[in-house]
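Asker: My questions will all concern the structure given below.
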Amino acid sequence: MTTTLYGIPNCDTVKKARTWLADQQHDFTFHDFKKQGLKRETVAGWLKQVPRDVLVNKKGTTWRALSDERKAAIVDDEAAIALMLENPSIIKRPVLDKDGAYSVGFSDAQYQQIFNT
Numbered sequence: 093m094t095t096t097l098y099g100i101p102n103c104d105t106v107k108k109a110r111t112w113l114a115d116q117q118h119d120f121t122f123h124d125f126k127k128q129g130l131k132r133e134t135v136a137g138w139l140k141q142v143p144r145d146v147l148v149n150k151k152g153t154t155w156r157a158l159s160d161e162r163k164a165a166i167v168d169d170e171a172a173i174a175l176m177l178e179n180p181s182i183i184k185r186p187v188l189d190k191d192g193a194y195s196v197g198f199s200d201a202q203y204q205q206i207f208n209t
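As structure tokens, then:
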């Protein structure tokens, strides 16, 4: 059983998720996708389980900073993958990979359910 938490370390929601995992004594690997990057296959795998409208954070400053043309170009998963690889800050955080099952965002109740605690 493996658990990987994807995100950026200074994101408040990622900090909460990391703290929760540590407090519950769950072993996990943290993947800083700004420093360590992301592979196309990883993002494509997320999109098999998570809709792109959930994975692409349209509420954040990164999305708002995009041109209207760039926003309008996100019409399919391929375009979303290209955007997320080009600009990882656009990804809603954190992305949790627990044994190949993906979850986006963090709440105490959500993680309790995922980890059956």
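Note that this note's numbering has the sequence shown beginning at 93, numbered continuously upward. Even for Gly, the Cβ is constructed at its ideal location relative to N, Cα and C. If you're wondering where the values come from, they're calculated on a predicted model, not measured in any experiment.
Does the structure place the segment 166-186 close enough to the segment 147-155 that three or more beta carbon pairs sit under 8 Å?
Answerer: yes
Asker: Among V187, R156 and G197, which one has its Cα closest to the Cα of T95?
Answerer: V187
Asker: Tell me the rounded alpha-carbon separation between D189 and D160.
Answerer: 32 Å
Asker: Three or more beta-carbon pairs under 8 Å between the segment 135-143 and the segment 104-116, yes or no?
Answerer: Contact check between the segment 135-143 and the segment 104-116: fewer than three CB pairs, one atom from each, fall below 8 Å, which does not count as touching.
Asker: With distances taken Cα to Cα, identify the nearest neighbour of L130 among E178, A109 and D119.
Answerer: E178
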